[in-house]
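Be aware that the sequence shown starts at 46, since it is given in the numbering used here, and climbs by one per residue.
This report concerns only the one structure given below.
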Amino acid sequence: CIAAIIICEMVSKSSILTTALLSTPSDQGIGCYFIYSTNILNYILSTVIVAVIAYLVGDVVGVIGLAGAIVAGALIAFIAKRNFVIANGDVLGMSNEVGRLMALLFMSVALFFL
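In C-alpha coordinates form, the structure reads like this:
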(Lines of atoms letter the chains of each structure in order from A and count residues from 1; the text may use other names and numbers.)
(Lines give C-alpha, C1' and ligand atoms only; values in the text may rest on other atoms or scores of the structure.)
Protein backbone atom coordinates (compact mmCIF):
# COMPACT_ATOMS: atom_id res chain seq x y z
CA CYS A 1 0.00 0.00 0.00
CA ILE A 2 2.75 2.47 0.92
CA ALA A 3 4.64 1.44 -2.22
CA ALA A 4 1.67 2.45 -4.37
CA ILE A 5 1.57 5.88 -2.73
CA ILE A 6 5.29 6.40 -3.32
CA ILE A 7 5.04 5.24 -6.92
CA CYS A 8 1.96 7.29 -7.81
CA GLU A 9 3.48 10.47 -6.37
CA MET A 10 6.71 9.87 -8.27
CA VAL A 11 5.18 8.96 -11.62
CA SER A 12 2.69 11.81 -11.52
CA LYS A 13 5.68 14.09 -12.07
CA SER A 14 6.38 12.11 -15.25
CA SER A 15 2.89 13.05 -16.34
CA ILE A 16 3.82 16.71 -15.91
CA LEU A 17 6.97 16.20 -17.97
CA THR A 18 5.02 14.45 -20.73
CA THR A 19 2.54 17.32 -20.88
CA ALA A 20 5.34 19.89 -20.84
CA LEU A 21 7.20 18.10 -23.63
CA LEU A 22 4.16 17.89 -25.90
CA SER A 23 2.69 21.36 -25.21
CA THR A 24 3.12 24.85 -26.57
CA PRO A 25 3.84 27.27 -23.70
CA SER A 26 2.00 30.47 -22.97
CA ASP A 27 4.01 33.67 -22.80
CA GLN A 28 3.20 34.35 -19.15
CA GLY A 29 3.28 32.49 -15.87
CA ILE A 30 5.61 30.11 -14.15
CA GLY A 31 4.39 27.12 -16.18
CA CYS A 32 6.06 28.49 -19.31
CA TYR A 33 9.48 28.08 -17.68
CA PHE A 34 8.84 24.38 -17.11
CA ILE A 35 7.58 23.89 -20.65
CA TYR A 36 10.47 25.80 -22.23
CA SER A 37 13.07 23.88 -20.20
CA THR A 38 11.70 20.41 -20.97
CA ASN A 39 13.54 18.70 -23.81
CA ILE A 40 13.60 15.16 -25.12
CA LEU A 41 16.94 14.26 -23.52
CA ASN A 42 15.83 15.32 -20.04
CA TYR A 43 12.51 13.58 -20.58
CA ILE A 44 14.09 10.26 -21.55
CA LEU A 45 16.62 10.42 -18.72
CA SER A 46 13.92 11.20 -16.18
CA THR A 47 11.64 8.46 -17.48
CA VAL A 48 14.40 5.85 -17.29
CA ILE A 49 15.31 6.85 -13.72
CA VAL A 50 11.67 6.82 -12.63
CA ALA A 51 11.09 3.46 -14.35
CA VAL A 52 14.03 1.90 -12.50
CA ILE A 53 12.89 3.24 -9.13
CA ALA A 54 9.27 2.24 -9.82
CA TYR A 55 10.44 -1.28 -10.70
CA LEU A 56 12.55 -1.54 -7.56
CA VAL A 57 9.69 -0.34 -5.34
CA GLY A 58 6.73 -2.03 -7.02
CA ASP A 59 8.08 -4.53 -9.56
CA VAL A 60 6.19 -4.63 -12.88
CA VAL A 61 3.16 -2.97 -11.31
CA GLY A 62 5.21 0.17 -10.68
CA VAL A 63 6.28 0.36 -14.31
CA ILE A 64 2.66 -0.09 -15.39
CA GLY A 65 1.79 2.85 -13.13
CA LEU A 66 4.43 4.90 -14.96
CA ALA A 67 2.82 3.95 -18.26
CA GLY A 68 -0.53 5.18 -16.95
CA ALA A 69 0.97 8.51 -15.94
CA ILE A 70 2.60 8.96 -19.34
CA VAL A 71 -0.69 8.19 -21.09
CA ALA A 72 -2.42 10.75 -18.87
CA GLY A 73 0.21 13.39 -19.66
CA ALA A 74 -0.13 12.83 -23.39
CA LEU A 75 -3.92 12.95 -23.12
CA ILE A 76 -3.86 16.22 -21.18
CA ALA A 77 -1.42 17.74 -23.69
CA PHE A 78 -3.73 16.72 -26.55
CA ILE A 79 -6.81 18.16 -24.86
CA ALA A 80 -4.99 21.40 -23.98
CA LYS A 81 -3.77 21.82 -27.57
CA ARG A 82 -7.21 21.18 -28.98
CA ASN A 83 -9.09 23.48 -26.60
CA PHE A 84 -6.60 26.16 -25.56
CA VAL A 85 -3.73 25.88 -28.11
CA ILE A 86 -1.26 26.73 -25.32
CA ALA A 87 -0.52 25.29 -21.89
CA ASN A 88 0.18 27.06 -18.62
CA GLY A 89 0.77 26.10 -15.01
CA ASP A 90 -2.87 25.17 -14.50
CA VAL A 91 -2.64 22.62 -17.30
CA LEU A 92 0.52 21.18 -15.76
CA GLY A 93 -1.20 21.00 -12.36
CA MET A 94 -4.14 19.19 -13.87
CA SER A 95 -1.70 16.82 -15.56
CA ASN A 96 -0.19 16.04 -12.16
CA GLU A 97 -3.57 15.19 -10.64
CA VAL A 98 -4.81 13.14 -13.60
CA GLY A 99 -1.43 11.40 -13.84
CA ARG A 100 -1.70 10.35 -10.20
CA LEU A 101 -5.21 9.02 -10.80
CA MET A 102 -4.28 7.13 -13.97
CA ALA A 103 -1.21 5.63 -12.28
CA LEU A 104 -3.38 4.30 -9.47
CA LEU A 105 -5.94 2.97 -11.95
CA PHE A 106 -3.31 1.25 -14.09
CA MET A 107 -1.65 -0.26 -11.00
CA SER A 108 -5.01 -1.48 -9.67
CA VAL A 109 -5.82 -3.19 -12.94
CA ALA A 110 -2.31 -4.67 -13.07
CA LEU A 111 -2.65 -6.04 -9.54
CA PHE A 112 -5.98 -7.60 -10.48
CA PHE A 113 -4.57 -9.41 -13.50
CA LEU A 114 -1.06 -10.24 -12.27
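For glycine and all other residues, C-beta sits at the position ideal for the given N, C-alpha and C.
Check, Outcome
"Host alpha helix (DSSP H) of residue 84 (start-end)", "Element bounds for residue 84: n/a, residue is neither H nor E."
"Contact check, residue 148 vs residue 106, beta carbons under 7 Å", "no"
"Cut-off 8 Å between Cβ atoms - residues of its own chain near residue 129, not counting five sequence neighbours on either side", "136"
"Beta strand (DSSP E) segments (min. 3 residues) lying fully within the region 71-144", "none"
"Presumed contact (8 Å Cβ cut-off) between residue 131 and residue 69, rounded CB distance", "5 Å"
"Residue 53 in three-state terms, based on DSSP", "helix"
"Pairwise C-alpha distance: residue 126 and residue 97", "31 Å"
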